[in-house]
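The listed protein sequences derive, respectively, from chains S and Z.
Numbered per this note's numbering, the first sequence spans residues 1 to 307.
Numbered per this note's numbering, the second sequence spans residues 308 to 668.
Every residue gets a Cβ at the ideal spot worked out from N, C-alpha and C, and that includes glycine.
Quick notes on the structure that follows.
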Amino acid sequence: MSLSITPLVASAIAAAIPLLIAALGELVTERAGLLNLGVEGMMLLGALAAFAAITHGAGLPVALLAGMLAGAAGALVYGFLTISLQASQVATGLSLTILGTGISSFIGRGYVGYRAPETFEPLPIPGLATIPGIGPLFELNVLGYAAVLAIGAVWYFLQRSRWGLELRSVGESPSVARSLGLKVNRIRYAAVLFGGAMAGTAGTYYALAQLKMWQEGLTSGNGWIALALVVFATWRPARVAIGALLFGGVTALGLWLQTVGVGVSTFALASLPYVATILVLVSISADRQALRRHAPAALGKPFFDGD
Amino acid sequence: MKRSTFLGAAVVSVAMAGMGLGIATAAEPIKAAFVYVGPVGDGGWTYAHDLGRKAMEKALGGKVVSTIVENVPESGDAERVIRDLAAKGNKLIFTTSFGYMDSTLKVAKSFPKVEFYHATGFKSAPNVTIYNSRMYEPAYLAGIIAGHMSKSGKLGVVASFPIPEVVRNINAYTMGARMVNPAITTKVVWVSTWYDPTKERQAAEALIGQGVDVLIQNTDSSAPLQAAQDKGVYAFGWDSDMTAYGPKAHLASAIEIWGGYYTKAAEAAVAGKPLKQTVWGGIKEGMNDLVSINPIVPEAARKQVADKRAEIAGGKLVFTGPIKGQDGTMKVAAGKSLTDKEIDSINWYVEGVEGQLPGQK
Numbered sequence: 001m002s003l004s005i006t007p008l009v010a011s012a013i014a015a016a017i018p019l020l021i022a023a024l025g026e027l028v029t030e031r032a033g034l035l036n037l038g039v040e041g042m043m044l045l046g047a048l049a050a051f052a053a054i055t056h057g058a059g060l061p062v063a064l065l066a067g068m069l070a071g072a073a074g075a076l077v078y079g080f081l082t083i084s085l086q087a088s089q090v091a092t093g094l095s096l097t098i099l100g101t102g103i104s105s106f107i108g109r110g111y112v113g114y115r116a117p118e119t120f121e122p123l124p125i126p127g128l129a130t131i132p133g134i135g136p137l138f139e140l141n142v143l144g145y146a147a148v149l150a151i152g153a154v155w156y157f158l159q160r161s162r163w164g165l166e167l168r169s170v171g172e173s174p175s176v177a178r179s180l181g182l183k184v185n186r187i188r189y190a191a192v193l194f195g196g197a198m199a200g201t202a203g204t205y206y207a208l209a210q211l212k213m214w215q216e217g218l219t220s221g222n223g224w225i226a227l228a229l230v231v232f233a234t235w236r237p238a239r240v241a242i243g244a245l246l247f248g249g250v251t252a253l254g255l256w257l258q259t260v261g262v263g264v265s266t267f268a269l270a271s272l273p274y275v276a277t278i279l280v281l282v283s284i285s286a287d288r289q290a291l292r293r294h295a296p297a298a299l300g301k302p303f304f305d306g307d
Numbered sequence: 308m309k310r311s312t313f314l315g316a317a318v319v320s321v322a323m324a325g326m327g328l329g330i331a332t333a334a335e336p337i338k339a340a341f342v343y344v345g346p347v348g349d350g351g352w353t354y355a356h357d358l359g360r361k362a363m364e365k366a367l368g369g370k371v372v373s374t375i376v377e378n379v380p381e382s383g384d385a386e387r388v389i390r391d392l393a394a395k396g397n398k399l400i401f402t403t404s405f406g407y408m409d410s411t412l413k414v415a416k417s418f419p420k421v422e423f424y425h426a427t428g429f430k431s432a433p434n435v436t437i438y439n440s441r442m443y444e445p446a447y448l449a450g451i452i453a454g455h456m457s458k459s460g461k462l463g464v465v466a467s468f469p470i471p472e473v474v475r476n477i478n479a480y481t482m483g484a485r486m487v488n489p490a491i492t493t494k495v496v497w498v499s500t501w502y503d504p505t506k507e508r509q510a511a512e513a514l515i516g517q518g519v520d521v522l523i524q525n526t527d528s529s530a531p532l533q534a535a536q537d538k539g540v541y542a543f544g545w546d547s548d549m550t551a552y553g554p555k556a557h558l559a560s561a562i563e564i565w566g567g568y569y570t571k572a573a574e575a576a577v578a579g580k581p582l583k584q585t586v587w588g589g590i591k592e593g594m595n596d597l598v599s600i601n602p603i604v605p606e607a608a609r610k611q612v613a614d615k616r617a618e619i620a621g622g623k624l625v626f627t628g629p630i631k632g633q634d635g636t637m638k639v640a641a642g643k644s645l646t647d648k649e650i651d652s653i654n655w656y657v658e659g660v661e662g663q664l665p666g667q668k
């Protein structure tokens, strides 16, 4: 029985990258006080746009741009309804998911059966990529490396930059932020659009780096996991990364254990991600103070920026 | 208030459905409905059913019109969808996944004048007819090709749920391969879903990571084939012809052919004599086949597949002894064959399949 662990790590990382990208975007959106449940929908819009672009002869950079723009377009609709019209964020976000799923499967019908002519391929770092166990960390594609850098960038932006401070204050108390002269709505739009572009990037990853073909619903509900990750991580970028790896890891572990012939019930293995979810939720909820301290105080509440 | 409105609406729709049946004339097309577990765009199982539906519509030339409902979960939702279709005046309802069995039976009780057809199940009723395809026949033929093509001697299966329908395909695939090379073993990964391209791909990659070099899947998407293409190993198409999804990796496709059956059921309904006969067809009946064999498959393998295919088409049973179980004990003695009932309730692996079948002690 061969017990090579490297395929397991590779598989966990591959599953974690798109979750990480989408969750970082949602994290910024939520830190500005907006709960966007439309991540799954925006991911599918991004996946479709990127796939359509590549199929019609665009290069990878253009396809990525198309994916980001499509995700952001979905976010713009959400932003208009929730920021300008103060509609319910929960209902609007859910509608966005339904809309994105519908549009992508309707337009995507024309692409069923197509393989992506160009895809994001791994770019191994010589010397590091062959280290057993952690090698896969140095064998990512360009989106993967960018996602890793984005963890630090988002952290720096939120915690160390003036714009980040403004964004956070909008998420904590929009009325105070406004009284200090901040353009609350403008900042919120920016945060929502960033979240949409990141979700679109995650969708692009599924279409052009992971599956590399068009299949309906190819994001398989991972937008919801990205959403959950933000809460698990108590709105902190580094913890989002750990959570994404954990989730990618448990799914991969269940499959990997089967291939090496470990005699554990496959039903138990299939329920691993859910068991992990419960454990993490329990551990987070155990410290209510911390949860309340970290959650943006104005999250989910409509704000009338009267001008 | 709300409740009574709802009941009123239900009564009206049922009454209208009843009238619809009463005044149906020869000129008016019969309505048929198809319930799908995945999207038509899965390129596999549901796509094959939809091809069959289209073939039926074409053959009937406007005498039957059909509607579809995609992505219907195998849960309580299924019953609601099926009930709704029956209430809307559909006279033929095809429920095309194993998990719709109990929902179909429940709704059928309330609509005795509607004919229900349930794919791959084992419970029938006066107006519920079962139809199924012996996919283990093309799986066996695929195994022969796998036996010729595998260099590592390790085959892999991305499997959905440990039900007899899937277990017998794993067994047949392994038997076909071991007929060519008795040292071959098969690894199985259960993904607990029919359609989840991401998970199916992960499972395929996990198998490839353990040295598997020929994959087959008993799930509904082409993701495992695509994974094989990327990793430079081989795989098969399942349910539909999947050549286009991974032309280099694709060795052949085990396909379902539902058009003939759907046409027969529709013609019978038009003639006013509903088809009530349970069908479990295979290569012989033209309900499935192994097609699009890759040119790289050596001539010897092709010939062996053609010979075995001819035997099966001529009535030879795949599960004919001697067949040994996983632990080497004789399960089917030489000269004996498994009966349909035994095949339909099979819960053991043949020799060469690794790992423990979930749910078995």
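Cβ atoms of residue j and residue i: under 8 Å apart, would you say?
i: V299/Z; j: V498/Z; result: Here chain Z has residues from 308 to 668 only, and residue 299/Z is not among them.
i: W256/S; j: L8/S; result: yes
i: L35/S; j: G300/S; result: yes
i: K538/Z; j: T492/Z; result: no
i: V435/Z; j: L412/Z; result: yes
i: A202/S; j: M43/S; result: yes
i: Q524/Z; j: E507/Z; result: yes
i: L143/S; j: F120/S; result: yes
Apart from the five residues just before and just after residue i, which ones in its own chain have a Cβ nearer than 8 Å to its Cβ?
i: A376/Z; result: The question names Ala, yet the displayed sequence has Val at residue 376/Z. Excluding residues within five positions, the ones whose Cβ falls inside 8 Å are A340, F341, V342, Y343, V388 and L392.
i: Q663/Z; result: none
i: S599/Z; result: G544, D548, T550, H557, A559 and S560
i: G329/Z; result: Confidence in G329/Z is poor, its pLDDT being 43 and thus under 50, which makes the residue's placement too unreliable to answer from.
i: T570/Z; result: A362, M363, A366 and L367
i: F429/Z; result: M408, I437 and D651
Using DSSP's beta-bridge definition, name the partner residues of residue i.
i: I54/S; result: For I54/S, which the question treats as bridged, DSSP gives no partner whatsoever.
i: N595/Z; result: E563/Z
i: W587/Z; result: N439/Z
i: K494/Z; result: G463/Z
Quick test of your reading: residue i and residue j, contact by CB under 8 Å. State the CB separation rounded to the nearest angstrom.
i: G622/Z; j: V639/Z; result: About 17 Å; that fails the 8 Å criterion.
i: L272/S; j: V240/S; result: Between V240/S and L272/S the Cβ distance is about 20 Å, and since that is not below 8 Å, they are no contact.
i: M198/S; j: G25/S; result: 3 Å
i: M482/Z; j: G450/Z; result: 6 Å
i: Q215/S; j: P504/Z; result: 5 Å
i: M456/Z; j: Y541/Z; result: 5 Å
Whose Cβ in chain S lies nearer than 7 Å to the Cβ of residue i?
i: K494/Z; result: T259
i: S560/Z; result: Neighbours of S560/Z on chain S: none; closest Cβ ~13 Å, over 7 Å.
Residues of chain Z with a CB under 7 Å from the CB of residue i: which are they?
i: F267/S; result: P665
i: A15/S; result: Q509
i: A23/S; result: The premise fails here: A23/S is roughly 16 Å from chain Z at the closest Cβ pair, so nothing lies under 7 Å.
i: G217/S; result: P346
i: A270/S; result: S499
Excluding sequence positions up to five away, which residues of its chain have a Cβ less than 6 Å from the Cβ of residue i?
i: A713/Z; result: Beyond the ends of chain Z as shown, which are 308 and 668, falls residue 713/Z; an answer cannot be given.
i: D546/Z; result: G351, W352, A355 and E563
i: F418/Z; result: A393
i: A415/Z; result: F423, A432, N434 and V435
i: A16/S; result: A244, L245 and G248
i: A70/S; result: L45, G46, A49 and G200
Spatial neighbours of residue i within its chain, please: C-beta separation below 7 Å, excluding the five flanking residues on both sides.
i: V379/Z; result: V342, Y343, V344, A385 and V388
i: T332/Z; result: Note that T332/Z scores 48 on pLDDT, short of 50, meaning its location in the model is unreliable and no value can be drawn from it.
i: G666/Z; result: P469
i: S373/Z; result: A339, A340, F341, R360 and E364
i: V184/S; result: V170, P174, A177, R178, F303 and D305
i: V625/Z; result: Y443, E444, Y447, A479 and I619
i: H425/Z; result: T402, Y407, M408, T411, V435 and I437
Show which residues of chain S have a CB atom less than 8 Å away from the CB atom of residue i.
i: D548/Z; result: Within 8 Å Cβ-Cβ: nothing; D548/Z doesn't reach chain S, min ~10 Å.
i: A513/Z; result: P7, L8, S11, A252, L255, W256, Q258 and T259
i: K537/Z; result: Note that residue 537/Z is Asp in the sequence shown, not Lys. What D537/Z touches in chain S: K212.
i: S528/Z; result: Q215
Taking C-beta pairs closer than 9 Å, name the residues in chain Z that residue i reaches, listed in chain order.
i: T204/S; result: In chain order: nothing, as chain Z lies at least about 15 Å away.
Name the chain Z residues that come within less than 8 Å of residue i, Cβ to Cβ?
i: P108/S; result: Residue 108/S is actually Gly in this sequence, not Pro. Neighbours of G108/S on chain Z, chain order: G348.
i: Q308/S; result: This structure leaves residue 308/S out entirely; chain S is present only between 1 and 307.
i: S95/S; result: What S95/S touches in chain Z: nothing, since even the nearest Cβ is about 18 Å away.
i: A276/S; result: Simply none; closest approach about 16 Å.
i: S105/S; result: P346 and G348
i: S4/S; result: G516 and Q517
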